[in-house]
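Q: This structure is in structure tokens; I'll ask about it shortly.
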């Protein structure tokens, strides 16, 4: 049975029934959140029907299943997306109209499920949408954080973090399944003994117990044919099993223990925070892995009696190294619990697991101190030592006498204290290692882990990231979606390559006019948001120049600010206005402990305050920072962009996906040859992008030779000097002299790892060209349309199909 | 806790009378099973009431085995629920005990 669209009357009846019987109120008495909950529950009913039907169908086919383990799933709001995918949107809109309510308004009442930091978590969410749409049995496994990523507020230009208690009102999407809870032992010690047959038998003693309670969020594919689930685990104390301790023992001690256990799923760690050594984070990672594998093994054992079939029926993808303990946990299950021989267990583990790398910065790679692992997961540490012993024997045979290579490849770094390298563990325990863009995979193989690539070249492959067009075009930009559908039909919704059909319309006056109207309407909407949130009055006819992503040194928001200030100084000191009026929009969060990123936010605000307050700049330059960047805000910002800033230092961005979302919504990219930009360029063509900057190899050569001399650039170029000096002056910090001296020091430092001044001249030049193109309305619109038409390759449907064919051996059912 | 004890031939059967054996009652269990361990060498523990066991409970049961082994006896377990059995497996303790589905099979194993 499929989730067939319900009639308007049925939808209205279901909404009112949930208002009355699930929420205990008459429709008229519901708060806006409760109205959202009633509609969500009505939609969920349909999803449950379809999910059960999907599971029945899959159960009969007994297909191979894919489990995507990720410490983050950045879902955002679900109502709009779910209704569209189920084909219920129109009936729901009409049902609500009969009840005197507006669907869009209700959709806005849904809090974002911000269970992620950025790209990695959003990728996971896009993959789930694609898997369900493609009818490929694939499921997400994650943590049901009580507090998602912090809410960002701005106070006098400074970021302030506020807790995001998204579950405060309980999510109507989640189905708790306490009957499928699993037990997770942690801490304790190993007792070295022998078994009944006199064989060595290390026993895990004196552990503490966590309980993982699954909560399923249903994931409907487009068309509603398949509905999958994302299984998120909440940590509960084992004391829930054992109320006797409460009754007989030390009540307060028991309560403290209970709270301590439940903190494991309390909060999502912000990325870029220094989390190595944080015991709670390690427990989170193990908790995810242990719950997921327990559930996966249980599902497998329902229909299969021998683990020889495990890898033929199960694929597990590790989204970065956070779930890399799966290598040790699966080995522990197979060897300790299922009593398989080590070699057989190892073969199954490797054949089942695959690993996606997401980072190129060596200092950002996860490592865990051995003493911490020995204390928290003593049995796993033993398993890791044994994996390492056998692995290093293999390396010794492959590279005899190469001690330094052995040291580099060892799972255990011989530092003080010793540390387990999670990347090495993930690579050794997986049959596939992939990067997320072509350039990233190349650097992974040649610069990050070349020893492993030399040992197992066949294990490495590239899977360029993608985004789901259902969320990022159909849902985020419905007017453009409608225009596209009326022009080339709706096949693009499930086959994004169909957008190629728009290429022929890129010069068509009628299509251009319709396209421009939609873009302008989106810009007007964003201008309204800018006014309400930042009191910045943006002209919708100006060039909307947008950089929306995490604030990070390598993403170079500072380079963008250099351009903003250069434009401003040219205007006020040289009397030379920019070629086109511009509205610069920044959005993004800085990790709470990342001082430089927070300084950048302050700098953006201070520059914005001066420029926006200067009457000379009024008609030419506006600068805005939109606080609390999240999925739902991205859905409002991205469709309004003219120019997409993708300006990371070449060789630092693994892929980046905002570039894809922006191009899909008709923005033209200004960017470096980094991450997915390289492949977007191949598709979109150099005539439709503004590429600038030094390439990764050139920067690496400069870095290796120590030949970067930004001060020479500064000394030789008066424009650069004026620009850099403006940050040392009081211009942007009249009340706090010296506040932005760090910016001068950063860009003038020969150790500037992000080569701001090296790329500045070509960046400014690229902006000149962009402004000139923007002033030619027909040319610009043609470029924007060609960006939409040629971005089809970057659908997550394509990415998932690549994974399914080349890594998972997963088929549509 | 009152541990019901039954004797058949040369085997003593002790029925674990609680549904949870954990930090709250493991000490009490050790104290109350001690007379059985002192007087007998061939013991079967019937776990059929047990729903949950933690590391303290496992430690207590293991110490029973060690006491009996030390004087040439043995401890066999029976009647485990799936959940309790999986906890034994989780920490490899299923390998040090003889575990049987039923009481009869456990008793019979002593004569085998």
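Protein chains in written order, with the working numbering: chain C, 55 to 867; chain P, 42 to 153. From the three backbone atoms N, C-alpha and C, an ideal C-beta is built for every residue, glycine too.
1) When the Cα of residue 383 of chain C is compared with those of C:68, C:240, C:353, C:77, which residue comes out closest?
2) Would residue 134 of chain P pass as an interface residue toward chain C - the criterion being a Cβ-Cβ separation below 9 Å?
3) Starting from residue 755 of chain C and walking both ways along the alpha helix (DSSP H), at which residues does that stretch end?
4) For residue 393 of chain C, decide whether its Cβ has a neighbour in chain P, counting only Cβ atoms nearer than 9 Å.
5) Decide if the stretch 137-147 of chain C is in contact with the stretch 197-213 of chain C; the criterion is three or more beta carbon pairs, one per stretch, under 8 Å apart.
6) Under 8 Å Cβ-Cβ, which residues of chain C neighbour residue 131 of chain P?
7) Let me make sure I understand the geometry here. Which of C:161, C:225, C:839 has the alpha-carbon closest to that of residue 561 of chain C?
8) Could you spell out the range, first to last residue, of the beta strand (DSSP E) harbouring residue 510 of chain C?
9) Tell me which same chain residues have a C-beta within less than 7 Å of the C-beta of residue 787 of chain C, skipping the five on either side of it?
10) Just to confirm the assignment, what range does the beta strand (DSSP E) spanning residue 535 of chain C have?
11) Going by Cα to Cα distance, which pick from C:113, C:707, C:688 is closest to residue 526 of chain C?
12) List the residues of chain P that residue 263 of chain C touches, going by C-beta distances under 8 Å, in chain order.
13) Flag residue 299 of chain C as yes if its beta-carbon sits less than 9 Å from any beta-carbon of chain P, otherwise no.
14) When you compare the stretch 181-197 of chain C with the stretch 270-290 of chain C, are there three or more beta-carbon pairs, one atom per stretch, that lie closer than 8 Å?
15) What are the complete beta strand (DSSP E) segments, minimum 3 residues, inside the stretch 313-362 of chain C?
16) Does the stretch 367-382 of chain C come into contact with the stretch 393-409 of chain C, if we say contact requires no fewer than three beta-carbon pairs (one atom in each stretch) closer than 8 Å?
17) Starting from residue 141 of chain P, follow the beta strand (DSSP E) in both directions and report where the run begins and ends.
18) In its own chain, which residues sit with a C-beta less than 8 Å from the C-beta of residue 340 of chain C, not counting the 5 before and 5 after it?
19) Rounded to the nearest angstrom, what separates residue 442 of chain C and residue 483 of chain C at their Cα positions?
20) Could you tell me which residues DSSP pairs with residue 195 of chain C in its beta bridges?
21) Tell me the DSSP bridge mates of residue 725 of chain C?
22) Let's test the definition: count the other Cβ atoms within 10 Å of the Cβ of residue 191 of chain C and tell me whether it reaches 16, buried, or not, exposed.
23) Would residue 100 of chain P count as contacting chain C if we go by Cβ distances under 9 Å?
24) Should residue 103 of chain P be flagged as near chain C, meaning a C-beta pair shorter than 9 Å?
25) According to the Cβ coordinates, are residue 503 of chain C and residue 708 of chain C closer than 9 Å?
26) Taking 9 Å as the CB-CB limit, is residue 249 of chain C close to chain P?
27) Within 9 Å of any Cβ in chain C, is that where the Cβ of residue 139 of chain P sits?
28) Does residue 108 of chain P come within less than 9 Å of chain C when only Cβ atoms are used?
29) Residue 128 of chain P touches chain C at which residues, Cβ-Cβ below 8 Å?
30) Does the Cβ of residue 387 of chain C have 16 or more other Cβ atoms within 10 Å, making it buried, or fewer, making it exposed?
31) Between residue 291 of chain C and chain P, is the shortest Cβ-Cβ distance under 9 Å, so that the two count as touching?
32) Helix, strand or coil: how does DSSP classify residue 60 of chain P here?
33) Measure from the alpha carbon of residue 530 of chain C to the alpha carbon of each residue in C:691, C:235, C:457, then state which is nearest.
34) For residue 99 of chain P and residue 693 of chain C, what's the separation of their Cα atoms in angstroms?
35) What residues from chain P crowd round residue 242 of chain C, counting only those whose CB sits closer than 9 Å?
36) Can you give me the Cβ contacts of residue 58 of chain C inside the same chain, cut-off strictly under 7 Å, excluding the 5 residues immediately before and after it?
A: Inspection of the coordinates gives the following:
1) C:240
2) yes
3) 750-759
4) Yes - at least one Cβ of chain P is within 9 Å of the one on residue 393 of chain C.
5) No, the stretch 137-147 of chain C does not touch the stretch 197-213 of chain C.
6) 237, 239, 258, 390, 391
7) C:839
8) No beta strand (DSSP E) contains residue 510 of chain C, which DSSP labels as neither H nor E.
9) 660, 793, 794
10) First-last for residue 535 of chain C: 532-542, but that is the alpha helix (DSSP H), not the beta strand (DSSP E).
11) C:688
12) 95, 96
13) The predicted model places residue 299 of chain C with a pLDDT of 49, which falls under 50 and marks its position as unreliable, so this point remains unresolved.
14) Cβ pair count under 8 Å is three or more, so yes.
15) None, since the stretch 313-362 of chain C contains no complete beta strand (DSSP E) of that length.
16) yes
17) It spans 139-141 - the beta strand (DSSP E) in which residue 141 of chain P sits, taken as one unbroken run.
18) 238, 240, 379, 383, 430, 431, 434
19) 10 Å
20) Looking at the DSSP output, residue 195 of chain C sits in a beta bridge with C:123, C:285.
21) C:700, C:745
22) buried
23) A Cβ of chain C is located within less than 9 Å of the beta carbon of residue 100 of chain P.
24) yes
25) no
26) So, interface residue.
27) yes
28) no
29) 237
30) Buried.
31) no
32) coil
33) Per the Cα distances, C:691.
34) 60 Å
35) Here the neighbours are 96, 132.
36) Here the model assigns residue 58 of chain C a pLDDT of 42, short of 50, so the residue's position is not dependable, and the following value carries that caveat. Correct list: empty, nothing qualifies.
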